[in-house]
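Here is the structure we will look at, set down as structure tokens.
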């Protein structure tokens, strides 16, 4: 069993790097921590970055997770290869670009490129975002797969991901720690990044951000609303290069593993996506860039 300790980052291609960076800083409220070799690094918490924008083809390049140490990384490499997956060990230059000490990369059975890393670089300075959005942390990431049940069998069969709740056969929300979900898989015909989430400090921050986004002409994809699964108040919005961002506040913590039972929500039922019964729709997915393993 591969034990994921946290999410790490999303690495995303940007055809218009300057425009994508401006949006991440001035609209989302992230901090630009570094730029080098055509990569812009953006942070929201103590991580060196949680979003790396790579100049070039638009699309998600990889989604990063962390494991405990080099022994765990080696064991993960062995287990994934035994499962029939092709695994590539990252070189020093690629690891430096990801700000981890070492990593492996593989494609999940649905075509999503996954990085498993160790020792992600931590920054000690306070976060100075481009605006006061109230962001406290990189909250979760969501991938697409054609069959969410099969996706869960993969993540639960090889990793410590446990289902918290189902939304029909449309979404599987999974936890790797007490947070209701750090990883979700949504039904989609092609692999890709469904959205990335940032937790904010208060309900007021969600609402202020919603008004700010509307005032600046940003496309609101869904919300404000409240998810019955995680109890989080949310707003989803579309950024450049097809990235969907989410702010949320009030996420549920599952502290009693033995007592928790996953629930099943029918997306056709009123309130199954938004307890406040506002309009809901499928948010935009940034498609996965298909590259040979070893290319970053």
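In full-length UniProt numbering, the protein residues as written are 1 to 296. Where is the CB? At the ideal position from N, CA and C, for every residue including glycine. Computed from a prediction, not measured in an experiment: that's the story for all the values here.
According to DSSP, residue 288 sits in a beta bridge with which residue or residues?
DSSP lists 60 as partners of residue 288.
Can you find the residues in the same chain that come closer than 6 Å, C-beta to C-beta, to residue 205, ignoring five residues on each side of it along the sequence?
Answer for residue 205: 134, listed in chain order.
Contact with chain C by residue 106, beta-carbon distance below 7 Å
This model lacks chain C altogether, as it is built from one protein chain only.
What is the rounded straight-line gap between the Cα of residue 239 and the Cα of residue 272?
Going by the C-alpha atoms only, they are around 26 Å apart.
Whose C-beta lies closer than 6 Å to the C-beta of residue 162 among residues of the same chain, with five residues either side of it excluded?
Excluding sequence neighbours, residue 162 sits near 175.
In the DSSP assignment, what residue or residues form a beta bridge with residue 187?
BP columns for residue 187 point to 145.
Can you tell me the Cα-Cα spacing of residue 251 and residue 112, whole angstroms?
Straight-line spacing of the CA atoms in residue 251 and residue 112 works out to 26 Å.
Could you check where the beta strand (DSSP E) with residue 208 kicks off and where it finishes?
Careful: residue 208 lies outside any beta strand (DSSP E), inside the alpha helix (DSSP H) at 203-215.
Is residue 70 helix, strand or coil by DSSP?
The three-state reading of DSSP puts residue 70 in helix, counting H, G and I together.
Whole-Å CB distance - residue 195 paired with residue 142, under 8 Å assumed:
Contact holds; Cβ gap of about 5 Å.
Collapsed DSSP secondary structure at residue 53 in the structure displayed:
In this structure, residue 53 counts as strand in the three-state DSSP scheme.
With a CB to CB cut of under 6 Å and the five nearest residues on each side skipped, what residues in its chain are close to residue 276?
If you ignore the 5 residues before and after residue 276, its C-beta comes within less than 6 Å of the C-beta of 225, 226, all in its own chain and listed in chain order.
Given residue 130, which residues of its chain have a CB within under 6 Å of its CB, disregarding the five upstream and five downstream residues?
Excluding positions up to five away in sequence, the list reads 25, 26, 29.
Close Cβ partners of residue 23 (< 8 Å) along its chain, the five nearest in sequence each way excluded:
Cβ neighbours of residue 23 within its own chain (closer than 8 Å, five residues either side excluded): 239, 240.
Under 7 Å between C-beta atoms of residue 288 and residue 191:
Contact: yes.
Start and end residues, alpha helix (DSSP H) containing residue 19
Run containing residue 19: 17-22, per the alpha helix (DSSP H) assignment.
On the three-state DSSP scale, how would you describe residue 261?
The DSSP-derived three-state label of residue 261 is coil.
Buried or exposed by the 16-neighbour rule on C-beta atoms within 10 Å, applied to residue 31
Around the beta carbon of residue 31, 16 or more other beta carbons lie within 10 angstroms, which makes this residue buried.
Along the chain, where does the beta strand (DSSP E) containing residue 31 start, and where does it finish?
Membership of residue 31 in the beta strand (DSSP E) is indicated by the continuous run 31-36.
Could you give the distance in angstroms between the alpha-carbon of residue 285 and the alpha-carbon of residue 58?
Whole-angstrom Cα-Cα distance: 12 Å.
Per DSSP, what are the beta-bridge partners of residue 5 in this structure?
Here residue 5 is not bridged, per DSSP, to any residue.
Can you pull the DSSP bridge partners for residue 297?
Summary: the structure shown does not reach residue 297, with the chain confined to residues 1 through 296, and so no result is reported for it.
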